[in-house]
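Only one structure is covered here, and it is reproduced in the block below.
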Amino acid sequence: MKIGIDKIGFYVPKDYIDIVELAKARNVDPDKFTIGIGQDKQAVPQPYQDAVTMAASSADTILTAADKKDLGLLIVGTESSVDESKSTAAFLMDLLDLPEDIRAFEIKQACFGATAGLQTAYDFISNNPGKKALVIASDIARYGIKTPGEVTQGAGSVAMLISQDPRVLKLDHKSVYKTRNVGDFWRPTFSKTAFARGKFSNEIYVDFFKTLWEKYQTKYDVTANDFSTMLFHIPYTKMGTKALRTLEGTVSDEKYAELTDHYQESIKFSRAVGNLYTGSLYLGLLSYLVNGAQAGEKMLLFSYGSGAVGELYSGEIQPGFEDVIDKASLLKMLDDRQKLSISEYEKLYQIEYQDGTIVDSAKVDAKFYLSEIKENERLYKKSK
Ligand code: COA
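Residue numbers (our numbering): 344 to 727.
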């Protein structure tokens, strides 16, 4: 049975900051941020937006009434959940008008959550042919104003519909993985912002990639020549570049040039959006599908979640995938955003809704939004 990604959708908040302006405001050489880190713009969410509203927004771009009828599983991968008990997935049931005959839950393992969701969905479809699974990655990446990690923030969501006979990416069901208890990145329950040992995290990430790539080649008796594309978890685009560079000299110059060209296509959206945490790898996939992919291409996907779990798996781009990707709408969503000044972004960053807040819907510029916090319960609405 062929199983994989049948549809893929994306949502990014409507505001962003320019990375060169951020560099200037922080007295940093802009080249450090645009070349050294590899970012151009950073998405900024409104206070009425969170992992729930963004998850609803990305899923809303791909789900039809027929898809909803066939859904049996809904998984949200996130590390910016709004509740320690109730899952982000449960909030989506009425926002997306989903039938109750669904198993819905949330997965957290830093940036690995969506991949855990995708592999779980694969198994679900194997056992329930004819059903569909919705896997959503939704996160707000926050390190704090004037921290070294500030340039690697971002926000957004990617939704993927997993089914039999997928039209976008068939998963090979070939994968290798690895878990180790590592202190490279963490966010205690009391904190809105993450703590990171950024350079250490880079080392572990590259080490995981190298180990898993060796393991994959041995397990499946393949080489880089069996693939034309490698996609990476890209919290910021320089990070994937570092993993890719480990292949230089170990593969032919032509293969390395091809992988590098394709990688450049896969990072275009991330450069313009920033860090989606667990959605980052899948934003890379979407960017590649829009900007460079060819039907029949074999690709490898490297997923990494600090703490740390890594997985390397493979898939094949399906004929006719272009017909399923709404390229014009995706590009329009990125183009239609408005730029905030750095001081506007800093002010927005400080706003945190407390119990008793009622959001003025007239000031909301999003289809799904947090409407109220009542008795410490977050209540959501869909704009008419
Ligand atoms: N022009 C071009 N490049 C420049 C430069 C300039 N003027 N100044 C510095 N650089 C380069 C550095 O050489 C370095 O490149 P390298 O990583 O290839 O060596 C890069 O810019 C970053 O510089 P560095 O001094 O290491 O930056 P930093 O101390 O501010 O830290 C991070 C950068 C990424 C470690 C920090 O932003 C961070 O901790 N981010 C969060 C970590 C994270 O996202 N983890 C994800 C876990 S999955």
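Just so it is clear, CB atoms sit at the ideal spot from N, CA and C, and this is done for glycine as well. Quantities reported herein were computed from a predicted structural model and do not represent experimental measurements.
The beta-bridge partner set that DSSP reports for I346 consists of Q507.
Within the region 621-671, the complete beta strand (DSSP E) segments of 3 residues or longer fall at 641-648 and 652-660, listed in chain order. In this structure E427 is exposed. Its beta-carbon is surrounded by fewer than 16 other beta-carbon atoms within 10 angstroms. Ranking T522, V702, Y625 and V494 by CA distance to the CA of G617 puts V494 first. Contact annotation: F353 and L626 have beta-carbon atoms nearer than 9 Å. Taking a C-beta distance under 9 Å as the contact criterion, S401 and V501 qualify as a contact pair.
C-alpha of W556 to C-alpha of P356: approximately 35 Å in a straight line. Set against 8 Å, the gap from the CB of H576 to the closest heavy atom of the ligand COA is smaller.
Inside the region 565-606, DSSP marks whole beta strand (DSSP E) runs of 3 or more residues at positions 572-575, from first to last along the chain.
Inter-segment contact for the region 390-409 and the region 536-545 is absent: fewer than three beta-carbon pairs are separated by less than 8 Å. Counting the other Cβ atoms within 10 Å of the Cβ of K611 gives 16 or more, which makes it buried.
Secondary structure at D361: strand, using DSSP grouped into helix, strand and coil. The continuous alpha helix (DSSP H) containing R614 extends over residues K611 to V616. With a cut-off of 8 Å, the C-beta of S544 is classified as near the ligand COA, since at least one heavy atom of the ligand falls inside that distance.
Non-local beta-carbon contacts of P442 in its own chain, meaning distances under 8 Å to residues more than five positions away in sequence, involve K411, K412 and L414 in chain order. Y559 and Y599 have their alpha carbons spaced roughly 18 Å apart. Of the heavy atoms belonging to the ligand COA, none sits nearer than 8 Å to the Cβ of K553.
Under the three-state reduction of DSSP, L683 is assigned to coil, being neither helix nor strand. Per the coordinates, the alpha-carbon of S534 lies some 15 Å from the alpha-carbon of Y696. Sequence-distant Cβ neighbours of R680 in its own chain, meaning closer than 6 Å and more than five residues away, are K357 and Y359.
Cβ atoms of G379 and T421 stay farther apart than 8 Å, at about 28 Å. Looking only at V363, D698 and A398, the smallest Cα-Cα distance to G381 is reached by V363. Ranked by Cα distance from P509, the options E687, G473, T561 and K710 are led by G473.
With fewer than 16 other beta carbons inside 10 angstroms of its own, A671 counts as exposed. For L417, the enclosing beta strand (DSSP E) covers residues L414 to G420.
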